[in-house]
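Asker: First the structure, which I've put down as structure tokens, then a few questions once you've had a look.
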Amino acid sequence: DAGVTQSPTHLIKTRGQQVTLRCSPKSGHDTVSWYQQALGQGPQFIFQYYEEEERQRGNFPDRFSGHQFPNYSSELNVNALLLGDSALYLCASSSLRRVSEQYFGPGTRLTVT
Amino acid sequence: GIQVEQSPPDLILQEGANSTLRCNFSDSVNNLQWFHQNPWGQLINLFYIPSGTKQNGRLSATTVATERYSLLYISSSQTTDSGVYFCAPRGNDYKLSFGAGTTVTVRA
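Chains as they are written, first to last, in this note's numbering: chain L, 21 to 133; chain B, 16 to 123.
Next comes the structure, spelled out in structure tokens:
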């Protein structure tokens with residue numbers, strides 16, 4: 021049973037550029053959430069997708085956007101990158117039909133220079 | 016959102032020692048998860064425990080939802096237990112709220 025997968029593992033971008041991160045949920049899961057974890061802090065909720073729609077959004081600017089595909093996989097897009105966007109980006113999946121335990125992927129470490 | 020306070024912030028243990036990590040949260044919760052984050056950043060599920068007590072090997076957890084706290088017990092600690100432990104409750108919405116975590120270092 022494959023767990024949550026994310027790509028790429030690491031990414032280096034320049035200020036002002038755009039980036040797309042990808043996530044495939046655990047088998048049987050239909051809901052994907054994205055979190056940002058800055059160094060030395062706990063993860064912060066960005067947004068959650070269910071049935072290809074954004075169901076809830078955290079306190080992040082519109083530069084952060086997402087998408088969920090019919091196969092439940094998801095993308096996180098960040099435009100106009102700032103140095104402060106450097107962080108570990110974590111994807112979590114869960115199932116609406118079962119208990120809402122969330123399972124996390126290994127993360128994408130983004131460095132903005 | 017729910018405010019989460021974890022204590023202690025740092026914990027240094029000798030191998031074989033027991034310890035208790037505490038998580039206080041500010042509001043009523045629908046569920047609560049405990050995670051262990053390894054040095055590579057992977058969050059590993061330890062417990063899904065909205066209330067009551069659960070045990071898994073050397074680890075156990077208790078959540079007293081009415082008093083808004085949860086405890087994680089580590090017994091006979093091993094060096095592989097080192098890492099950051101996060102408590103993450105969920106309220107009447109869809110997001111997990113994380114505290115700053117407890118950094119555990121187990122020395123051989």
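Ideal placement from N, C-alpha and C gives every residue a C-beta, glycine not left out. Please read these numbers as outputs of a predicted model, since none were measured by experiment.
List the residues that DSSP assigns as beta-bridge partners of B:Asp25.
Answerer: Partner(s): B:Thr118.
Asker: What residues are listed by DSSP as bridge partners for B:Pro104?
Answerer: Per DSSP, B:Leu47.
Asker: Residues of chain B with CB under 8 Å from L:Arg75, in chain order?
Answerer: Residues of chain B passing the Cβ test: Tyr109.
Asker: Excluding five sequence neighbours on each side, which residues of the same chain lie with their C-beta closer than 6 Å to the C-beta of L:Thr63?
Answerer: With the sequence shown as reference, residue 63 of chain L is identified as Pro, and Thr is not the correct amino acid for it. For L:Pro63, where only same-chain residues beyond five positions count, the Cβ hits under 6 Å are Tyr55, Gln57, Leu110.
Asker: For B:Ala124, which beta-bridge partners are listed by DSSP?
Answerer: Because residue 124 of chain B is not part of the residues shown, which for chain B are 16 to 123, the question remains open.
Asker: Do the CB positions of L:Phe67 and L:Glu73 come within less than 8 Å of each other?
Answerer: No.
Asker: Check each candidate in B:Ile59, B:Thr77, B:Asn53, B:Asn71 and name the one with the smallest Cα separation from B:Thr118.
Answerer: Per the Cα distances, B:Asn53.
Asker: Which one or two residues does DSSP pair with L:Glu95 in a beta bridge?
Answerer: According to DSSP, L:Glu95 bridges with L:Arg42, L:His87.
Asker: Within 10 angstroms of the Cβ of B:Gln79, are there 16 or more other Cβ atoms? Answer buried if so, exposed if not.
Answerer: In the sequence as displayed, the identity of residue 79 of chain B is Val instead of Gln. Exposed, by the Cβ-count rule.
Asker: Only counting the same chain, and skipping five residues up and downstream in sequence, which positions put a Cβ closer than 7 Å to that of L:Ser115?
Answerer: Answer for L:Ser115: Gly48, His49, Asp50, Thr51, listed in chain order.
Asker: Mapping DSSP to helix, strand and coil, what is L:Thr25?
Answerer: Of the three classes helix, strand and coil, the one that applies to L:Thr25 here is strand, per DSSP.
Asker: Across the region 122-130 of chain L and the region 29-37 of chain B, are there enough close Cβ pairs to call them in contact, namely three or more that are closer than 8 Å?
Answerer: Cβ pair count under 8 Å is below three, so no.
Asker: Let me see if you follow: with CB-CB separation under 8 Å, is B:Gly72 close to chain L or not?
Answerer: For B:Gly72, the answer is no, since every Cβ of chain L falls outside 8 Å of its Cβ.
Asker: May I ask you to report which of helix, strand or coil DSSP gives B:Gly98?
Answerer: In the structure shown, B:Gly98 sits in a strand (DSSP, three-state: E or B).
Asker: Report back the beta-carbon spacing between B:Ala115 and B:Gln21 to the nearest angstrom; my notes put them in contact at under 8 Å.
Answerer: About 6 Å separates the two Cβ atoms, so the contact holds.
Asker: Using the DSSP secondary-structure output, state which residues sit across from B:Thr35 in a beta bridge.
Answerer: B:Thr35 pairs with B:Tyr88.
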